[in-house]
Structures are given as C-alpha cells and as structure tokens.
Amino acid sequence: MTVVFVSVLVTVVAPLALLAALSLLRAAIARPPERLVAGLVEGAFGLTAAACVVAATSVVVAPEPTLELALGEWFRVASDAVQLTFAIDRLSLGFGALAATLLVLVARLSRTYLHRERGYFRYFFLLSVLGAGVTATCFAGSLDLLIFGWELVGVASALLIAFFHERPSAARHGLMTFSIYRVCDVGLLVALAWLHHAEGGARFVVESAGVRALGAPASPFDAHLVAAGLVLAAVGKAAQFPVSGWLPRAMEGPTPSSAIFYGALSIHLGPVLLLRARPLFEATPSVSVAIVIVGLLTAAYGKLVGRVQTDAKARLAYASMTQVGFIFAEIGLGLEALAMLHILGHATLRSYELLRAPSVIRDRRGAPEARGFFAWLDGTDVGRRIHRFAIERAYVEPFVLRKARKLGEFLREVDRRDAAYIERLERGAESKAVREAR
28 MTVVFVSVLV TVVAPLALLA ALSLLRAAIA RPPERLVAGL VEGAFGLTAA ACVVAATSVV
88 VAPEPTLELA LGEWFRVASD AVQLTFAIDR LSLGFGALAA TLLVLVARLS RTYLHRERGY
148 FRYFFLLSVL GAGVTATCFA GSLDLLIFGW ELVGVASALL IAFFHERPSA ARHGLMTFSI
208 YRVCDVGLLV ALAWLHHAEG GARFVVESAG VRALGAPASP FDAHLVAAGL VLAAVGKAAQ
268 FPVSGWLPRA MEGPTPSSAI FYGALSIHLG PVLLLRARPL FEATPSVSVA IVIVGLLTAA
328 YGKLVGRVQT DAKARLAYAS MTQVGFIFAE IGLGLEALAM LHILGHATLR SYELLRAPSV
388 IRDRRGAPEA RGFFAWLDGT DVGRRIHRFA IERAYVEPFV LRKARKLGEF LREVDRRDAA
448 YIERLERGAE SKAVREAR
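Numbering (our numbering), first residue to last: 28 to 465.
This is the structure:
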C-alpha cells in the first residue's frame with residue numbers, strides 16, 4: 028500500500044507545487060520564457076499522470092477495492108475538526124489519470140497555439156489552477172476538500188472564458204458563467220454546512236460500486252435537503268437544464284481551454300459529484316427521479332438547439348450538454364459503472380473534436396451530406412416552427428432571466444427590511460440606555 032499512497036500523494040501535490048513554482052517564476056521574471064512555462068506545466072501534469080497510472084496498477088492487485096489516504100487534521104472550527112483525506116478508488120484514479128493526460132496534451136498544443144500571445148503566462152497559470160482544482164475534486168475524501176477544488180475550477184473557468192478581455196462579449200460571458208456558478212454553488216455550501224450540523228462531518232465513508240461515497244443522513248429531511256443542494260451544484264457546473272445557456276457562450280475562450288474545460292473536465296465534475304453521493308440518492312428516490320428528468324430534458328434541449336447552430340464550437344457545446352444529460356439520467360437510474368465509462372469516453376472524444384474544430388472545413392470538404400431522419404420536415408410549416416423554436420433556444424433563457432430578476436428583487440427587499448428592523452432595534456436600545464442613565 029506504500030506505493031499507492033506515495034503515488035497518490037505525488038498526484039495531489041504536483042499541481043500545487045506547479046502553482047507555487049509558476050508564482051515564484053512570475054515574481055522573479057516579468058515575462059518568463061514561453062518554453063520554460065510550458066515545460067513546467069507539461070512536466071508537472073506528466074508526473075501526475077504517471078503517478079495515477081502507478082497507483083491504479085497497484086490498486087488492481089490490492090485486496091481492498093477502495094482506500095483512503097489520511098494526512099491528519101486540516102483545520103479546526105471550535106470543537107469540529109476537519110481531516111485532510113483523499114479517496115483512492117476507480118473514480119478518482121480513472122478520472123485523475125484522464126485529466127492529467129489531457130492536460131499534458133492540451134498544454135503541448137497550447138505551446139504553439141498561443142505563441143507570442145500577451146496572456147501566454149496567464150493562460151498556463153489558469154490551466155494549472157484547473158489541474159489543481161480537478162485533482163482536488165476527484166481525489167477529495169470529504170465534501171470539505173471537494174468544495175476547495177470545485178471553486179478553483181469555477182474561478183479558472185470564468186477567467187479563461189474572459190481570456191480575450193478586450194472583447195466586451197468575452198468579459199460579459201465570463202461574468203455570466205461566474206454568476207451561474209455562484210448561484211448554484213449555494214446548494215453545495217448548504218449541503219456541506221447541514222452535514223456538519225446534522226452528522227458532524229462530510230467524509231466519503233460508504234463504499235458504493237467501488238467508489239467511496241457520502242452516506243445518507245438518518246433523518247429524511249436532512250437527506251432530502253443535502254441531496255437537493257448537491258444536485259443544484261451539479262446542475263450548474265454541468266450546464267444542465269435550465270441553466271445551460273452559459274456553455275455555448277463559454278466558447279469565447281481559446282480553443283484548447285474550451286476542449287479541456289467544456290469537452291473533458293469541468294463539465295463532467297457535476298456527474299463526479301453525483302457519483303460521490305450515490306448512496307444519498309438511493310435513500311431519496313424523489314431526488315433520483317429529478318436527476319433523471321433534468322438529464323433527459325437537457326439531452327432533448329441540447330439535441331434540438333444544437334441542430335440549428337452554424338458555429339462548430341457551439342454545436343459541440345450543445346453536443347456535450349446532450350451527452351452529460353444522458354450521464355445524469357444514468358446516475359439517476361443507478362447505472363454507476365455505465366456512467367463512469369460514459370464520462371471517460373465522452374471526455375476523450377469531445378476533447379478531440381473541439382481541438383479539431385478549427386479544421387472542420389477541410390475535414391468536411393468532399394464529404395457526403397447526411398441529412399438525417401428529420402429531413403422530411405424541410406420546407407414544411409411544422410419544420411419552420413421547430414426551427415424558430417430551436418433558434419430561440421426554446422425560449423428558456425428569457426424565462427429563467429425573468430424569474431431570476433424577480434427572485435433578486437424579492438431578496439433585495441428582504442435585505443432592506445431586515446436592515447431597517449435591525450436599525451429600529453438599535454435605536455430602541457440606545458433610547459432605553461439614555462432613559463436609564465437619566
């Protein structure tokens with residue numbers, strides 16, 4: 028087991044050491060050499076991928092299907108201590124090895140793709156933040172550590188969407204994505220806080236289909252509240268219906284970052300979170316049904332709207348949305364092994380397609396046109412109506428925006444009344460103190 032633990036330790040430490048090295052390099056040199064920056068990133072994630080493979084090979088022959096690496100106390104709040112633990116199982120090792128391998132390939136491509144770009148160092152630093160966040164998320168042994176990696180990925184994602192910040196649309200879309208992440212991540216924060224309140228911790232201690240997972244609280248109310256919070260967070264990160272509008276807009280960033288974020292890693296962290304909480308969903312069948320419904324709605328929505336997109340990256344974004352919707356449905360139906368295989372296969376294929384997107388015109392030259400099953404709708408009134416419906420993205424975004432504005436106005440009014448009430452209490456306390464002094 029020593030080999031496994033050392034390999035996993037190298038896997039989780041290497042991305043953090045890379046961030047420290049890049050920070051020191053930038054502090055020492057105003058414009059670090061491109062080869063040195065790219066070489067550091069490729070080397071660190073190459074080491075991570077190799078360590079993951081070694082750990083996976085060792086676990087295959089181990090008697091226990093899942094292991095836990097405990098490094099002691101992370102931090103303490105009053106009497107509540109949070110342990111720094113890492114989960115070693117088929118999910119963390121499989122997804123971790125894939126993530127590190129794809130990061131090496133994307134870093135190698137980006138070396139020439141962004142040559143002499145003003146934000147070259149910034150791009151590779153954010154790519155390293157993504158790697159550290161994904162590693163922390165998939166190897167986390169508790170929800171406490173998972174949320175740390177989860178937020179790193181969210182910040183890096185928004186900043187890379189706005190990478191070309193001189194374009195107003197890039198900055199606007201980056202802010203939109205960041206806002207959706209923040210709203211949906213409230214569910215993750217609520218789930219974490221409630222688990223500490225009700226259960227005294229949020230470690231992944233239950234084994235489910237060869238994966239270390241979160242157990243279900245004894246109280247049905249607690250279980251449903253935590254499950255709903257986790258689903259909300261997963262829906263936002265995975266661009267599921269009805270908050271899926273940010274995904275095609277995220278293609279404003281450089282093509283290599285679009286491939287690694289929205290084809291391979293970031294978009295699949297939602298399903299990874301759901302797999303870590305599968306026993307919780309088994310105890311809350313209504314939430315499992317909701318996951319299936321959301322996934323199938325997203326798949327139908329992505330398929331319909333994706334058919335009318337004229338941009339290659341936008342079409343691939345909707346295709347990613349569709350496949351992740353099916354993965355959600357598989358998890359909701361309890362097909363964990365199929366969902367894990369689907370995640371690994373889809374991440375690999377979609378990354379390749381996004382990286383090949385700039386060559387799509389050459390690839391399609393001379394290729395026969397495949398009109399598909401719905402070709403008979405062309406030119407009909409029904410076909411025109413469906414086309415308009417798809418062009419308008421099924422009118423989902425205006426509806427969600429109206430509801431979000433109303434919710435914001437309501438919360439603003441609640442905050443105003445709360446502040447006024449506190450002010451009245453303070454004035455009353457001051458008046459009482461003055462009267463008593465007299």
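Ideal placement from N, C-alpha and C gives every residue a C-beta, glycine not left out.
Cβ-based burial, H200 [other Cβ within 10 Å; buried from 16]: Buried.
Other residues of its chain near G256: CB distance less than 6 Å, five sequence neighbours each side excluded: Excluding its 5 nearest sequence neighbours in each direction, G256 has C-beta neighbours in its own chain below 6 Å: G214, V217 and A218, listed in chain order.
Contact under 8 Å by Cβ, L154 with S284: With a cutoff of 8 Å on beta-carbon distance, L154 and S284 are scored as near each other.
Beta-carbon proximity of L241 to L296, cut-off 8 Å: By the CB criterion at 8 Å, L241 and L296 fall outside the cutoff.
Supposed close pair G280, F190 - CB separation, criterion 8 Å: Right, their Cβ atoms sit about 5 Å apart.
Which listed residue (L302, H251, P269 and A317) has its alpha carbon closest to that of V233: It is L302 whose Cα lies nearest to the Cα of V233.
V104 - partner residues in DSSP beta bridges: Within the DSSP bridge table, the entry for V104 names D107 as partners.
Rounded distance between the beta-carbons of F72 and A134, thought under 8 Å: That belief holds up - the Cβ atoms of A134 and F72 are roughly 7 Å apart, short of 8 Å.
Extent of the continuous alpha helix (DSSP H) to which R303 belongs: Here the alpha helix (DSSP H) through R303 covers L296 to R303.
Runs of alpha helix (DSSP H) wholly within the segment 140–204 (minimum 4 residues, chain order): DSSP runs (the alpha helix (DSSP H)) wholly in the segment 140–204: 147–166 and 170–188.
8 Å CB neighbourhood of A185 in its chain, flanking five on each side removed: Result list for A185: G201, L202, T204, F205 and Y208, in chain order.
Where T112 sits in the DSSP three-state scheme: For T112, the secondary structure class from DSSP, reduced to helix, strand or coil, is strand.
Counted within 10 angstroms of its Cβ, other Cβ atoms place A447 as buried (16 or more) or exposed: A residue is called buried when at least 16 other Cβ atoms come within 10 angstroms of its Cβ; A447 does not meet this threshold and is exposed.
6 Å Cβ shell around T27 - same chain, five flanking residues per side excluded: Outside the modelled stretch of the chain, which goes from 28 to 465, sits residue 27, for which no answer is possible.
Supposed close pair V64, T162 - CB separation, criterion 8 Å: Here V64 is actually not in contact with T162; their C-beta atoms are around 20 Å apart, not less than 8 Å.
Length of the line joining the Cα atoms of A327 and L343: C-alpha of A327 to C-alpha of L343: approximately 15 Å in a straight line.
Status (buried if at least 16 other CB within 10 Å, exposed otherwise) for S106: Taking every protein chain shown into account, the CB of S106 has fewer than 16 other CB atoms within 10 angstroms, so this residue is exposed.
Cβ-based neighbour list, V258, same chain, cut-off 8 Å, excluding 5 preceding and 5 following: The answer, listed in chain order, is G214, L301, V314, A317, I318 and V321.
Three-state secondary structure (DSSP) of V476: No answer is possible for residue 476: the residues shown for the chain start at 28 and end at 465.
For V109 and R103, the rounded distance between their alpha carbons: Note on geometry: alpha-carbon atoms of R103 and V109 lie some 6 Å from one another.
A226 in three-state terms, based on DSSP: Checking the sequence, you will find Glu at residue 226 rather than Ala. In this structure, E226 counts as coil in the three-state DSSP scheme.
F248 versus L222, Q267, G263 and R230, residue with shortest Cα-Cα distance: Across the set L222, Q267, G263 and R230, the C-alpha of L222 shows the shortest separation from the C-alpha of F248.
Pair within 8 Å by beta-carbon distance, A339 and A384: A339 places its beta carbon less than 8 Å from that of A384.
Where R239 falls: helix, strand or coil (DSSP): Assigned with DSSP and collapsed to three states, R239 falls in strand.
Inter-residue Cα distance where the pair is E95 and L49: Cα to Cα, the separation comes out at about 30 Å.
Counterpart residues of F231 in DSSP-defined beta bridges: According to DSSP, which records beta bridges pairwise, F231 is partnered with L241.
First through last residue of the alpha helix (DSSP H) which encompasses I370: According to the DSSP assignment, I370 belongs to the alpha helix (DSSP H) that extends over E363 to R383.
Three-pair Cβ contact test at 8 Å for the segment 174–188 versus the segment 43–62: The segment 174–188 vs the segment 43–62: no contact.
For T310, three-class secondary structure by DSSP: Here residue 310 turns out to be Ala, not Thr, going by the sequence shown. Under the three-state reduction of DSSP output, A310 falls in the coil class, being neither helix nor strand.
C-beta atoms of L45 and I287 nearer than 8 Å: I287 sits away from L45, with the two beta carbons spaced by 8 Å or more.
Sequence-distant residues of its chain with Cβ nearer than 7 Å to Y289 (five each side left out): Taken in chain order, the residues that qualify are L274, A277, A344 and S347.
Residues of its chain near V441, where Cβ-Cβ distance is below 7 Å and the 5 sequence neighbours each way are ignored: Only residues of its own chain outside the window of five on either side were considered, and among them none has a CB closer than 7 Å to the CB of V441.
Identified DSSP bridge partners for E95: The partner list for E95 (beta bridge, DSSP) reads A114.
Top-ranked residue by Cα proximity to E144, from G123, T164 and H192: Nearest C-alpha to E144: H192.
Of the listed residues L172, H224, A464 and G329, nearest to A97 (C-alpha basis): For A97, the nearest C-alpha among the options comes from L172.
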